[in-house]
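Protein chains in written order, with the working numbering: chain A, 1 to 457; chain G, 458 to 914.
Just below is one structure, and these are the notes that go with it.
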């Protein structure tokens, strides 16, 4: 039962030249890998002494030779940047990443859909840190492409079972009481390929429809109050986007009044066009499709609308052929991002193993990590603050002895729910679904240090 | 004593065409302002009913005309983006802001220094939301310009009073146990012009040497432990940058062991070149100059180094002519960012007034706001989570009656310290200093709605 079966499908983009893993993951370029594998291991040596004193090995980093040390050649030969005058301030009124980070991009999985305007681009989780997703790398999922809408022309209508329907301009919205909150967003189809044993090779493609931002906007409850919604009979709201797909989603009134926002900002600045500029719905804990982008209409009603986007799409096909509908909440889940599929561990010894955990039902309380495919578990360190319906970064020390290993993480949220194994999930949900796969992810580390996606039952 | 004196100096960049305030601040373009002032006030009307029922006036937003409403022309005439196919995913592997946000930039204050490579660019606080500063808008302060250093060639040396001096590569550092934490960074000279009554016109120039990020890196204590630092005699560390200015700063060992980090990431991605790529020191609560960028050396010693950057610069000139030295901690401070200098309030009625508070000594516990130049104070709503040495966003409801008003915010931190008035600060520190001005900021709202920088004694 605990025997791993490798079912790795190598996808074309991952074999592209230039997609090598480098510094952000703590791993090196293909040239450096080759250098290491041919024997020049001196720049990455042994275990991290302070944290792994029990393991034999030299310390990380190059030790200097005491007081008579004259310095490494790199240090004695002063580089140009230590002698010259650098670039001026405001050379870039709006900055961009280093030239050495150009490979760090969101990427489409070719062939996933027939039209790139109705597709997905995945966030490079293997090279991200902490919990904030930089806006330039936030994942994308569009149904009919993205637009850069003129905010001075955009309107939001609130209507239906309300005393006073209204049309809001951006200026109307932005003078209202606002809130700022950090939340994750995950597409309901994230990790969907794993249902069918199609183990895509990297965490960018297995889990990359996941991002996390600080959002600023007005609570939807403020707008509903402003329009005098029917408190007795108004049981649901419909949110509609202004793009060509006319995305429409039902949300229950209790959620709408709880923490749903009409947001104009992400991570301190106005939303990006791909993420719904100038306004989108933020529906914490719900799957991404409910976070309607380019939001133009809110309707209050007394029953769900059963729109195309909640009957034909985003339904869970169960083993008996019935569709599970309105299954919007993203259950507790986690994944190790470093090391992860497609990366190579260059040497034995100490490594910081890190990943992300989240739950659509609230706070993450614990993350356990296994290095032997689920036989033994150790509890990881969780970063603070602890925020509901927000990513939580975990870290754990690992001393790799060079033997094959299978790494897994298992999250537990404040409701006590424990992230399931894939076979536990399949026992209930079958294997023909696309959506809502929150199973434990397994990464196999081979003796060569190569990391790949496997399924462990 | 409470009479305001206007001492506004209009700086050239603020008069530039194109620097008008628009949607991000909840205010409009110059054309829209002209339209409003010539009588077309119908798109922004009256008070926000839900929050200001006591004030006469219609609701914000355009009310619809009941069930027979056929829609506004803007809504009935479907725009192209509701009919057509939009842009594909990953059209921009690394995204950028909307074309409608192009004016939102960090800006240099011309003439502030003689060389733009040794100058400042200010963050546009008037148009930022929440607490996270997007990396593209993080303020800059360089002493000899910025560089984009190749991380594979960069090294960090730890030396001095340690058992084993070492040289770390980026890969050495990034496999160590890491932490991710949100902290503000403020230049010690932020708000420096206000010492001399030179009230620069906008919050971008008064307070824009302030930013806040989630940083990821290794605690400096981990590196010092790894090198076996002298716990008995090692009382200070020196941090040195790799740029041409050879920036060097002393930090006491207790702080170094507390929460100082060697960071490689900001807001989820690798540092930007302007902010120290590939590594910088993160010294929570200390002035920005101590957050040494392009960090290349840490030395352990038994006394402060008294380097040029802590004797000639970054010292506080006191009234008796003596310099106050090693005054590194950024004291408790706050500022209202909307409305703020250079903006125009277009109409009476409800407005969300918002700003930022921070303290180098810990958490922000309360922010009070005055609308009458400090006679009366009301307590603002603070956003969560409450994090030490991190920005905290505050919001407060305000119904503007059209009369002149003076807006102020006053922060209180967990030590009980209360942000001082400018005359209280001057009584101790004089007015010839450049650094560490944390006085209460006053914004005057004229009957026209124009907001300007004033000093209130």
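Ideal Cβ positions, reconstructed from N, Cα and C, are used throughout, including at glycine.
Chain G residues whose Cβ lies nearer than 7 Å to that of residue i
| i | result |
| --- | --- |
| residue 130(A) | 637, 671, 673, 722, 725 |
| residue 164(A) | 520 |
| residue 393(A) | 637 |
| residue 83(A) | 701 |
| residue 146(A) | 543, 544 |
| residue 450(A) | Result: empty, since nearest Cβ-Cβ is about 17 Å, beyond 7 Å. |
| residue 350(A) | 632 |
Chain G contact residues for residue i, given Cβ-Cβ distances below 8 Å
| i | result |
| --- | --- |
| residue 60(A) | 625, 629, 632, 633, 683 |
| residue 199(A) | Those within 8 Å of residue 199(A) in chain G number zero; the least Cβ separation is about 22 Å. |
| residue 117(A) | 542, 543, 544, 545, 546 |
| residue 114(A) | Neighbours of residue 114(A) on chain G: none; closest Cβ ~12 Å, over 8 Å. |
Buried versus exposed call for residue i [16 or more other C-beta atoms within 10 Å across all chains shown]
| i | result |
| --- | --- |
| residue 796(G) | buried |
| residue 584(G) | buried |
| residue 196(A) | exposed |
| residue 384(A) | exposed |
| residue 444(A) | buried |
| residue 766(G) | buried |
| residue 910(G) | buried |
| residue 779(G) | exposed |
| residue 858(G) | exposed |
| residue 302(A) | exposed |
| residue 108(A) | buried |
| residue 591(G) | buried |
| residue 832(G) | exposed |
| residue 728(G) | buried |
| residue 292(A) | buried |
| residue 99(A) | exposed |
| residue 885(G) | exposed |
| residue 297(A) | buried |
| residue 151(A) | buried |
| residue 568(G) | exposed |
As assigned by DSSP and simplified to three states, the class of residue i
| i | result |
| --- | --- |
| residue 139(A) | coil |
| residue 156(A) | strand |
| residue 842(G) | coil |
| residue 716(G) | coil |
| residue 279(A) | coil |
| residue 934(G) | Residue coverage of chain G in this structure runs from 458 to 914, which leaves residue 934(G) outside it and unanswerable. |
| residue 678(G) | helix |
| residue 688(G) | coil |
| residue 815(G) | strand |
| residue 767(G) | helix |
| residue 760(G) | coil |
In DSSP terms, what residue i is bridged to
| i | result |
| --- | --- |
| residue 327(A) | According to DSSP, which records beta bridges pairwise, residue 327(A) is partnered with nothing at all. |
| residue 726(G) | 723(G) |
| residue 247(A) | Per DSSP, none; premise fails for residue 247(A). |
| residue 352(A) | 397(A) |
| residue 557(G) | Bridge partners of residue 557(G): none, in fact. |
| residue 668(G) | 642(G) |
| residue 862(G) | 902(G) |
| residue 603(G) | 87(A) |
| residue 579(G) | 564(G) |
| residue 661(G) | None, per the DSSP bridge assignment. |
| residue 129(A) | The partner list for residue 129(A) (beta bridge, DSSP) is empty, contrary to what the question assumes. |
Amino acids of chain A, ordered along the chain, whose beta-carbon sits closer than 9 Å to that of residue i
| i | result |
| --- | --- |
| residue 660(G) | Those within 9 Å of residue 660(G) in chain A number zero; the least Cβ separation is about 15 Å. |
| residue 844(G) | 384, 385 |
| residue 606(G) | 79, 81, 98, 100 |
| residue 599(G) | 86, 87, 88, 89 |
Contacts of residue i in chain A (Cβ-Cβ under 7 Å)
| i | result |
| --- | --- |
| residue 592(G) | 95, 134 |
Proximal residues of chain D, C-beta to C-beta of residue i below 7 Å
| i | result |
| --- | --- |
| residue 277(A) | Of the protein chains in this structure, namely A and G, none is chain D. |
Within chain A, the residues that residue i reaches when beta carbons sit closer than 8 Å
| i | result |
| --- | --- |
| residue 564(G) | 90, 93 |
| residue 577(G) | 89 |
Is the number of C-beta pairs between the stretch 708 to 721 of chain G and the stretch 658 to 678 of chain G that are closer than 8 Å three or more? yes
Are there three or more Cβ pairs, one per stretch, closer than 8 Å when the stretch 850 to 868 of chain G is compared with the stretch 589 to 603 of chain G? Contact between the stretch 850 to 868 of chain G and the stretch 589 to 603 of chain G is absent, because fewer than three Cβ pairs lie under 8 Å.
Should the stretch 82 to 94 of chain A be called in touch with the stretch 574 to 588 of chain G, which here means at least 3 C-beta pairs below 8 Å? yes
I'd like to know if the stretch 326 to 333 of chain A and the stretch 356 to 372 of chain A are in contact, where contact means that at least 3 CB-CB pairs between them fall below 8 Å. yes
Decide if the stretch 690 to 698 of chain G is in contact with the stretch 636 to 647 of chain G; the criterion is three or more beta carbon pairs, one per stretch, under 8 Å apart. By the Cβ test, the stretch 690 to 698 of chain G is not in contact with the stretch 636 to 647 of chain G, since fewer than three Cβ pairs between them sit closer than 8 Å.
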